[in-house]
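A.B. asks: Got a structure for you, written out below as structure tokens; questions coming shortly.
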Amino acid sequence: MVLGVRLPISESFAGNAHDKDNTQNKDNTQDETDSDTPAGFSNAVTKSYQTSVQPLLKKHCFQCHGDGDEVHGEVNFQKIETEQQIKVAFELWSDVLEVIDSGTMPPETEPRLTSTEIALYKAWYQRELVDTIQSLPDVLRPRRLSAHEYRQTLRTLLGFELEVSIVEAEQTIVEKSLVMKLLPVDPPGPSGFKNDTSANPLTTNVWEQYSFLIDDALAQWLSIEGRENLERITGPVVGEHLTSTQCEKLLKWTLRRAYRRPPAAETMATSLAVLDGKRGAELESALRIELKSVLMSPPFIYRSLLATVDDIEIVSGQVGSTFSYGRVDDHELAERLSYFLWGDMPDDRLMRLADEGKLRDPDVYASETARMLADPKSQNLANNFGVEWFSLNEISKVSNNPPVSHALRQQPIDFLNYLFTEGRPLLELLDSKVTFVNPHTAKFYPGDRKRMAAYRKQRGIEVEAVPNQRLELISTPERGGLLTMPGVLAMNKGPVMRGTWMLERVMGEHLPDPPANVGQVKPNQPGENLTFRERFELHRSNSTCAVCHNKIDPLGFAMQAYDAGGNYRPSGVVNGNKRKPKNNKKQPQDTNNSATAKTVDTSGRLPSGEIFDDYAGLQEILVKSQRHTVIENIVKRTLSYALARELTIHDMPTVADISSKLDRDGNLAVQEGTYHDLIRLVVNSLPFTHAQTQSPKHD
Amino acid sequence: MPWQLDRRRFLRSAMGPLLPLPFLNLMERKASGAAADGPPIRFMTLFKPNGVHPPSWSINGGTEFDFRMSPLMQPFAKHKQDLLILDNMGDFGFSSHANSTRRFLSGHHRNTKSASVDQLIADRIGKGTSYRSLELTTEGLFPNQIGCSYISYDSNGDPIPRESDPQLIFDRIFRSPMRNPSKRREMKSVLDRVSEDAKSLSRTAGAEDRQTLDQYLSVVRSTEKRLESIAATSNDIPKATMERPLAPANLNEQVESMLDLISLALWTDSTRCVTYMLGNSNSRMIFDFLGVKEQHHYLSHFFRNFSRQNLDALLKISLWHMEKFDYLLTRMKSYRDHEGSLLDHSVVLYGSGMGHSDNHTATRIPIILAGQGGGLLKTGRYVRYAENQQLGRLHLALLKMFDADHDSFAYSTSPLPGLNDSDFTPYREQPFQSWVKTGDGTITVQGRLRLSDNLDEARIFLIDVQGQPPIRIDVAFRDFHDFNLAYHCGTPVKITGSVTEKNGQPVITKVQKLDSLFGKKPGSANG
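Chains as they are written, first to last, in the working numbering: chain F, 48 to 746; chain E, 941 to 1467.
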């Protein structure tokens, strides 16, 4: 086991629902006897895999999930051989555990695993993927600022926003931010979040856009019109040009902020030397080019580039190698905290605390975290983390009318902001009596809308975007929480997409893409009178489909009392997955389906056995018996966003630890964990506060 | 070359005398080896949103060379000799904003697989310039009817993204290292500085930092190489000293800055083809700087939302659109280009997608051509066609002018005659008789239909009858709409209707029958 490293993770980190009883009390110092099989760095892993797991897989799984004629569900066990491949696939092993435990795999037509075989797998899983997995931070890795972070950072640095200079009109879409307009749209990284730019390298095109933006920024910053802003840094400017003292001051000021840490003395000297012996316009021109160089330099456009770690502990790894990790320095910690909570560079106060070496003082760190959460900039959590987690940008496609799609999209964002920044309990995500509506969304809340403040359109205005109001839900029992918001319901078309989305985004499951040859759900044949659900169930009744659809469908069909537009129609015409009749929007939906008179069947049974009649029943299950799954997903997403990277197996102990602390083992008597608790735990976790040192360079 | 301009003067001199700009030998230099071809001819389109209020726009009467410009035309009346005003253009009864906008440069709204006429012309004239064409606009996308936001379409018939920020356009054209040597030198210094920094960081970096820095340096190196190759082949223009437009305080400043840039881009031969929309075709813009608080589109429905106050506000906005046309023409005239002005060597198309902005008739749409186009157009004329003409015919004529010959365009097969010296007698309106016959509670009138030019009477139509006062038509919205009175405005019709007397004059209160003397029936399908 790891030598001499004390981990913050202890008692119940292996809070895996399947094997709670087997969980050992994990104190890492106890395992010194196992020192030949240290965490995750052992050939023993490969050996035990070959002896206990691979034979099982060969016997039961390779036929469909190996190098056979066809690889099902994008799972190919035959490709997994090395220790690295085994560890990277940790989520797959947890899925395997689940499907063999629940009996969904192997399919019904194939022989089942015997109980001995299942026990063998479980023991291996517990030993190699739970018990012996050490909590480790990632290596310090530079990461390019995402477009959004770049925008915010530049704005904070300059004191103004780079905006497209045009006049706006209602009902039109304009990207006002010049940064967002010019920089390529960030694809979500491997973590699923856009702040994970690990797979999105600098290109010459991006370089040119940076150059264009910085030119624009400096033109404004140094312009006569912008003097007032600039003088806050340089002091009063007399005459046309800055004095050389003022230029130096501005350059120093910029270097420290652009690097988000005090620059090395050598860097500072090289930079200031550029100004030497110049005056007037020549001086200002030299200053401008030097400022541009600073704002185009690697420490500005990459995070963590100059970061260091201290209090390093050496950990023994494989034979002949070691690795080490320690606390990240104050400025790196400030940057991590600030980009997590604000999507922005640290402010002056945070920078000063880092300069003074005070930020790692637990009390200071806690109060700074609280201060930052109370700052309006923490709206970033909802605007970016929340939007990307729940794919809320999809809502923009629901309506072509910008004020309407704005209202539908802004509702969940305002709600998430309320949860995050006001420190609401975690599961209010699904079950809340508070929502945020405006006149465009009020119709979905017929029982409560009368308590909304009146809105009067001005004469001559046709439609306009309107801010949301907070509304307590008293007489709208069919709404509450994120899942029943009209925009969220409408962005996912039909029960399968709704179910898949819930499974992935709320329950944290990973689903493979469906096979390509599934075809369409057959319409009712003459004489048949089946509901869409009945026809769909026929369609997907084969066992391959069932693996995923047993999980997806109960979730999706539970939402069928809400139509494609998000309206509540418990007994009305609801038909998910319908095909739009061509050329006539007003035609009744899915004319093949004569079963519209039947009441919508929203009942279901989860693979875990719980049954429910409708969404209200499902919600009850999600916040009670399935709460741990939901909470664990909330923790994983939050940690992944905070770290701006995909989680690895070495983060799982942290996830388990935070989840169990927030869940309080499901003891409802104890007050539930809140989003503030979650954020506090995340920013104090090992992967957030620590890093492995980089490997020495190899020439 | 020190031709630094005072920005305020540069941007705001429209009202004063022409700007004494130094003559730049640029065009001669560019045209070297092709001197016999003369200066390049440019094609510029200016689009006005939300149609017009026909009584204020239309010229009712007059002849080809002897005509009086309408009240709305007054802002650019001083350019009369440079204008070719076309009447009875467009042949659709009712039209959506989106379709009428598509037709503006594409001829027909179903012409969705072809490039718009500006792009076909750009293919012909845009070669060798920095920007084959520029597609510009004033406001953002209107996603509800996406077609309202575009007039220019590419060869697949897909809308071409537009740009609306004058500063951005200025920087792209005049400040890019591509064409600006001082910007290039500056970029070189920056590249030297950052690679120096990155290398020194790299000396102490660990593996992961090192990897990032290597990637960074490789981008820096390829940028350097690119700069070198540009420097070798560059087509520079010395504009580094030209002042960049300020961020606009209001729409007027934004549009004037853009018109300045357009003229400058055309003059410096950075591009020869520009389309600019003064707004989306159903613009919701609020003209607060004119003291108007209502949205433009709301006001443009002046029949339904009728009040004198609304109409006054609408006319303020329309006049502003006309002033911008004047601004463009004045600016283009101020640039000396070879032995004439920039305008002399350009064809400017100005107009809107629809005529009557409340009724959405796409007939009698405002269309004006300006500039001689180096002799391509014969200006100083008012050309009224007898029948409503397809826009596709105008486009076909323009294509022919620019030697971009097409046999047909947008279902039109013969070019519109009358733009130059060509004979268009067959298309002229033939003389007709006007008369009134009264019967038992009904009246039948033949004569030219028009809207009342009394602004308090936006819902009143008149039929002019020779030798007597015009017959008033004061009908409900239903009749106005069903018989599409707006479609027939400006043309001779025969109308039968119920009549009552008001102040001793007959007034038609219900239309029973309407026949067009020369024209077609309005299209019943939405177009």
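All C-beta atoms in this analysis are idealised placements derived from N, C-alpha and C, irrespective of residue type, glycine included.
Just so you know, these numbers come straight off a predicted model, no measurement behind them.
1. Please classify F:Glu329 as buried or exposed, where buried requires at least 16 other C-beta atoms within 10 Å of its C-beta.
2. Name, going along the chain, the residues of the region 259 to 271 of chain F whose beta-carbon falls closer than 8 angstroms to a beta-carbon of chain E.
3. Would you be able to state if there are at least three C-beta pairs under 8 angstroms between the region 1107 to 1114 of chain E and the region 307 to 325 of chain F?
4. Per DSSP, E:Trp1375 is paired with what?
5. For F:Phe88, would you say it is in contact with chain E, using Cβ-to-Cβ distances shorter than 8 angstroms as the test?
6. Hey, out of E:Leu1199, E:Met1029, E:Glu1136 and E:Glu1126, whose CA is closest to F:Ser258's CA?
7. Pull up the distance between the alpha-carbon of F:Asp148 and that of F:Ser162, whole angstroms please.
8. Where E:Arg1418 and E:Gly1293 are concerned, what is the direct C-alpha to C-alpha distance, given to the nearest angstrom?
9. Please list, in chain order, all residues of the same chain as E:Ile1025 whose beta carbon is under 6 angstroms from its beta carbon, the five residues on each side excluded.
10. Could you pull the start and end residues of the beta strand (DSSP E) that E:Arg1412 belongs to?
11. Taking F:Lys339 as the query, report the chain E residues whose CB atoms sit under 7 angstroms from its CB, ordered along the chain.
12. Using 8 angstroms as the limit for Cβ to Cβ distance, is F:Ala512 near chain E?
13. Using 8 angstroms as the limit for Cβ to Cβ distance, is E:Pro995 near chain F?
14. Does DSSP put F:Lys480 in a helix, a strand or coil?
15. One question on the structure: do F:Asn680 and F:Met554 come within less than 8 angstroms of each other, judged by their Cβ atoms?
16. Determine, using beta carbons only, whether F:Pro345 comes closer than 8 angstroms to chain E.
17. I'd like the list of long-range same chain contacts for F:Gln267, defined as Cβ closer than 6 angstroms, with 5 residues on each side in sequence excluded.
18. Which of the three DSSP states is assigned to E:Ser1297 in this structure?
19. Mind reading off the beta-carbon distance from E:Asn990 to E:Ser1221? Whole number of angstroms is fine, and I expect it under 8 angstroms.
20. Can you tell me whether F:Tyr791 is helix, strand or coil according to DSSP?
21. Would you mind stating whether E:Arg1304 and E:Gly1430 have Cβ atoms separated by less than 8 angstroms?
22. Straight-line CA distance for F:Arg335 to F:Leu265?
23. Going by the CB atoms, is the gap between F:His195 and F:Asn431 shorter than 8 angstroms?
24. In the DSSP assignment, the beta strand (DSSP E) including F:Gly546 goes from what residue to what residue?
25. Find the nearest neighbour of E:Gly1002 within the set E:Glu1369, E:Ser1392 and E:Asp1422, judged by alpha-carbon distance.
26. Using C-beta distances below 8 angstroms, list every residue in its chain close to F:Gln293, excluding the 5 sequence neighbours before and after it, in chain order.
27. Which residues share a DSSP beta bridge with E:Leu1391?
28. Strictly below 7 angstroms CB to CB, what residues from chain E border F:Ile336?
29. Please state whether DSSP places E:Pro1106 in a helix, a strand or coil.
30. So, for F:Met36: in the same chain, excluding its five sequence neighbours on each side, which residues have a beta-carbon less than 6 angstroms away from its beta-carbon?
31. When you compare the CB positions of F:Gly507 and F:Arg545, do they come within less than 8 angstroms of one another, or not?
32. Would the beta-carbon of E:Thr1215 fall within 8 angstroms of that of E:Asp1022?
33. Identify the continuous alpha helix (DSSP H) that holds F:Ala421 and give its terminal residues.
34. Is the distance from the Cβ of F:Pro423 to the Cβ of E:Leu1153 below 8 angstroms?
35. For F:Ile213, decide whether its Cβ has a neighbour in chain E, counting only Cβ atoms nearer than 8 angstroms.
36. First and last residue of the alpha helix (DSSP H) that includes F:His737?
C.D. replies: According to the data block:
1. exposed
2. The residues in question are Phe259, Asp262, Asp263 and Ala266.
3. no
4. In the DSSP output, where bridge partners are listed per residue, E:Trp1375 has E:Gln1386.
5. Per-residue confidence for F:Phe88 stands at a pLDDT of 44, beneath the threshold of 50, marking its modelled position as unreliable; the derived number appears in the next sentence. So, not an interface residue.
6. E:Glu1126
7. 10 angstroms
8. When rounded, the separation of the alpha-carbon atoms in E:Arg1418 and E:Gly1293 is 24 angstroms.
9. Answer for E:Ile1025: Ile1308 and Tyr1322, listed in chain order.
10. First-last of the beta strand (DSSP E) with E:Arg1412: Gln1408 to Ile1413.
11. Val1130
12. no
13. No, because no Cβ of chain F sits closer than 8 angstroms to the Cβ of E:Pro995.
14. coil
15. The criterion of a C-beta distance shorter than 8 angstroms is satisfied by F:Asn680 and F:Met554.
16. yes
17. Gly273
18. coil
19. About 7 angstroms; that satisfies the 8 angstroms criterion.
20. As shown, chain F starts at 48 and ends at 746. That puts residue 791 of chain F outside it, with no answer to give.
21. yes
22. 7 angstroms
23. Closer than 8 angstroms, so yes.
24. For F:Gly546, there is no enclosing beta strand (DSSP E); the residue is part of the alpha helix (DSSP H) that begins and ends at Gly541 to Trp548.
25. E:Glu1369
26. Thr281, Gly282 and Val284
27. E:Phe1401
28. Glu1126, Ser1129 and Val1130
29. helix
30. With chain F running from 48 to 746 in the structure shown, residue 36 of chain F is simply not present.
31. no
32. no
33. Pro409 to Ala421
34. Not closer than 8 angstroms, so no.
35. Closer than 8 angstroms to some Cβ of chain E, the Cβ of F:Ile213 qualifies, so yes.
36. It is not in any alpha helix (DSSP H) - F:His737 instead sits in the beta strand (DSSP E) that spans His737 to Gln739.
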